[in-house]
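Taken in order, these protein sequences are the chains called V and L.
The numbering of the first sequence is my numbering, which starts it at 284 and goes up by one.
The numbering of the second sequence is my numbering, which starts it at 148 and goes up by one.
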Amino acid sequence: MPKAKVTFEDIGVTVTVPAGTRLIEVSEKVGASITYGCREGECCTCLTKIISGGENLASPSVLEDQVLKDNMAPRGHRLACQAQILGGEIVVKPA
Amino acid sequence: MPVAGLTDGAVEIAPGVHWVGALDPHLRSFDIILKTANGTSYNSYVVRGENGVAVIDTVKENFADTFFARLESVARYDEITTIVLNHLEPDHSGALPELLKRAPRAKVYLSSRAQMMLKALLKPSGEKPPEYIPVTTDDEVDLGGRTLRFLHTPYLHWPDTQCTYLVEDGILFSGDIFGCHFCDARLFNDTVGDFRFSFEYYYAHIMRPFREHVLDAVALIEPLELSTIAPAHGPILRHQPRDYVHRYRELATPRLFNEARSEKTLVVFYISAYGNTRRMAEALAAGAESIGGVRVSLYDLEGGESGIFTDLIEEADALAFGSPTINGDAVKPVWDVLSSLTTVNVKGKLGAAFGSYGWSGEAVRLIEDRLRGLKLRVPVEGLRIKLVPDSDELAACCQLGEQLARHLTGRVEHRDIDMAELA
């Protein structure tokens, strides 16, 4: 299975994950500072800054796009409960 | 509580500024979580300028008739140019859909985070949302000789909240901040009964979890000339309004000087039937203490009450909970504490769990899940030890404390791990 590497900059941990994993699945287990509310892409609690490797995440859904826009999220930010890792290397930290 | 004596008309709070709210004297609990021993009020206000009329907030839906009757006593619907929504919770927006129908000229001013809430609120009516304008601090609306200026004060107590300041009159329409559930037809703080308990009770249950945001809001409000604070619930504060701002600053500030403020703080809570979980707690505490820069406190849950522990938790940077497993669960005193944290902000604190067990040991994982649910970080996997911890197992507890302390002080070396290694 293709793998990817996600680095949680706030806690200094790089995790090798199977492609297709969502950020939420790994960030909680590793104890990163990203916090979650609804876990369904509505509340924007888990807004996360993608420091690098944004192209290695699946494009945001229409819902995620709308929530990011409504909450005036800066460019390069994603909802960790929605963002799916495709491969390569990604570095993230809480917004 | 005096309700009699209030007519169906509006009540003037300044020339051209009226209260058009509603009293709800028989309400006995609010939003399930608050007791309301003498009810509450839903305060709405009307401001008249030379070029238009503004309505600031509305009332709970089943009080809409009273609200509209009072509103009609001071303004025609075709005069209403402005509707300000300081907070979209249904007790303040219940009459909004109908108001929008009756006052079609009005533009709606609200915070940016309120936009989605407005759409959700109007969904059942099938109405197209009105023209609305998201505003933030220092944005203004000119009513003609009267200026409404907005203050961005989010999380008091929802993400959408804001305050609105009537510049020329020094009146702050504050939304829920500085409000309380207290119902008295005499309306003003210098004429109503003793509402001080209600004021502080309201802070403790509604605002306390957001105390950092309270301090940000107070910093925005303190420089304002204030003749009156007109909150969305409870008495209108026209006598010494600044005292209430000052009191909010006090309430949002830790009570005692924190001797450990230059260090990170870890509170270890435990409860133990046979002393095994206690020994784990002591080893964990000793391990954390051995890492410089962390002040550790150890508390037996059997010797205290949830309220006191809530105060401790609010001030702590990290929390560790130790519980034995009894009948497949953590024990009740642990859940009592973990279910009483809605009144404080624990988001982002570090958490850990540990415990001795006889057969199955579910408590640790259940506590970890709860900590994550409360938005704590759980950076180190908890420790379950079967019955009596031996010296190696106590050393592991010590190590758990050390690891937690390293996370707390930002002294964790970069690690590369595989997801399969994670619990």
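Using N, Cα and C, we set each Cβ at its ideal position, and we do this for glycine too.
What distance in whole Å lies between the Cβ atoms of residue j and residue i, which are believed to be in contact at a cut-off of 8 angstroms?
i	j	result
L/HIS165	L/VAL202	L/HIS165 to L/VAL202, Cβ: 10 angstroms. No contact.
L/GLY196	L/GLY317	Wrong, their Cβ atoms sit about 16 angstroms apart, outside the cutoff.
L/THR375	L/ARG385	4 angstroms
L/LEU218	L/VAL193	6 angstroms
L/LEU367	L/THR308	Rounded, the Cβ-Cβ distance is 12 angstroms, inconsistent with contact.
L/PHE416	L/VAL484	7 angstroms
V/GLY324	V/LEU306	So it is not a contact: roughly 12 angstroms between Cβ atoms.
L/GLU274	L/ARG293	At roughly 29 angstroms, the Cβ-Cβ gap does not stay under 8 angstroms, so L/GLU274 and L/ARG293 are not in contact.
Just mark residue i as buried or exposed, buried being the case when its beta carbon has 16 or more other beta carbons within 10 Å.
i	result
L/GLU429	buried
L/HIS304	buried
L/GLU278	exposed
L/THR154	exposed
V/VAL375	buried
L/CYS310	buried
V/SER342	exposed
L/PRO387	Before going further, note that residue 387 of chain L is Gln rather than Pro in the sequence given. Result: exposed.
L/SER538	exposed
V/ILE317	buried
L/VAL361	buried
L/ASN423	buried
V/GLU311	buried
L/ASP204	buried
L/LYS492	This sequence places Asn at residue 492 of chain L; Lys is not what is there. It is buried - the Cβ of L/ASN492 has at least 16 other Cβ atoms within 10 Å.
L/ALA211	buried
L/ALA542	exposed
L/MET264	buried
L/HIS561	exposed
L/ARG408	exposed
L/ARG558	exposed
L/ASN209	exposed
L/PHE344	exposed
L/LYS248	exposed
L/PRO162	exposed
L/VAL339	buried
Can you list, in chain order, the residues of its chain whose CB lies under 7 angstroms from that of residue i, leaving out five sequence neighbours each side?
i	result
L/GLU159	HIS165
L/GLU449	ILE418, PRO480
L/LEU269	PRO244, PRO276
L/PRO149	Confidence at L/PRO149 is low in this model, with a pLDDT of 47, below 50, so the placement of that residue should be treated as unreliable; the coordinate-derived value is given next. Only ASP331, ALA332, ARG333 meet the Cβ criterion.
L/ASN420	Going by the sequence as given, residue 420 of chain L is Ala instead of Asn. Only PRO471 meet the Cβ criterion.
L/TYR391	PHE325, ILE376, LEU384
L/ARG355	THR490, VAL491
V/VAL309	VAL289, VAL298, VAL300
Using a Cβ-Cβ cutoff of less than 6 angstroms, which residues in the same chain neighbour residue i once the five nearest sequence positions on both sides are dropped?
i	result
L/LYS207	TYR189, ASP238, GLY241
V/VAL296	VAL313
L/THR213	ALA169
V/LYS332	HIS360, LYS376, ALA378
Does any C-beta atom of chain B lie closer than 7 angstroms to the C-beta of residue i?
i	result
V/THR331	Of the protein chains in this structure, namely V and L, none is chain B.
If you drop the 5 nearest sequence neighbours on each side, which residues of the same chain put their C-beta closer than 8 angstroms to that of residue i?
i	result
L/ASP464	LYS411, THR412, LEU413, LYS496, LEU497, LEU555
L/TYR103	This structure cannot speak to residue 103 of chain L, because chain L is shown only from 148 to 570.
L/SER176	LYS182, THR183
V/THR328	THR318, TYR319, GLY320, CYS321
L/SER453	ASP483, VAL484, SER487
| Is it true that the segment 393-405 of chain L meets the segment 515-523 of chain L, where meeting means three or more beta-carbon pairs spaced less than 8 angstroms apart? | no
| Counting pairs of Cβ atoms below 8 angstroms between the segment 251-270 of chain L and the segment 222-232 of chain L, do you hit three or more? | Yes, they touch.
| field | Sequence ranges, beta strand (DSSP E) only - wholly within the segment 484-554 of chain L, length at least 3 | value | 497-504, 530-533
| query | Between the segment 357-365 of chain V and the segment 182-193 of chain L, do at least 3 Cβ pairs fall closer than 8 angstroms? | reply | no
| message | Would the segment 320-339 of chain L count as touching the segment 161-180 of chain L if we require 3 or more Cβ pairs under 8 angstroms? | response | yes
| request: Decide yes or no for the touch test of the segment 527-534 of chain L against the segment 495-510 of chain L: beta carbon pairs closer than 8 angstroms, at least 3 of them. | output: yes
| Quick check: the segment 323-331 of chain L against the segment 346-354 of chain L, are there 3 or more CB pairs under 8 angstroms? | yes
| task | Taking only runs that begin and end inside the segment 252-338 of chain L, name each unbroken beta strand (DSSP E) of 3 or more residues, in chain order. | result | 254-258, 279-282, 287-289, 294-299, 309-313, 318-322
| query | Is the segment 294-310 of chain L close to the segment 228-243 of chain L, with three or more CB pairs under 8 angstroms? | reply | yes
| In chain order, each alpha helix (DSSP H) run of at least 4 residues that lies wholly inside the segment 356-430 of chain L | 358-368, 388-398
| When the Cβ atoms of the segment 541-548 of chain L are set against those of the segment 286-303 of chain V, are three or more pairs found closer than 8 angstroms? | no
| said: Which runs of the beta strand (DSSP E) at least 3 residues long sit entirely within the segment 284-350 of chain V? Give them in chain order. | reply: 286-291, 296-301, 330-335
| task | Kindly confirm or deny that the segment 468-475 of chain L and the segment 508-515 of chain L touch, where touching means at least three C-beta pairs closer than 8 angstroms. | result | yes
| request: Starting from the N-terminal side, write out each stretch of the beta strand (DSSP E) that is 3 residues or longer and does not extend beyond the segment 197-231 of chain L. | output: Runs found: 200-203, 227-231.
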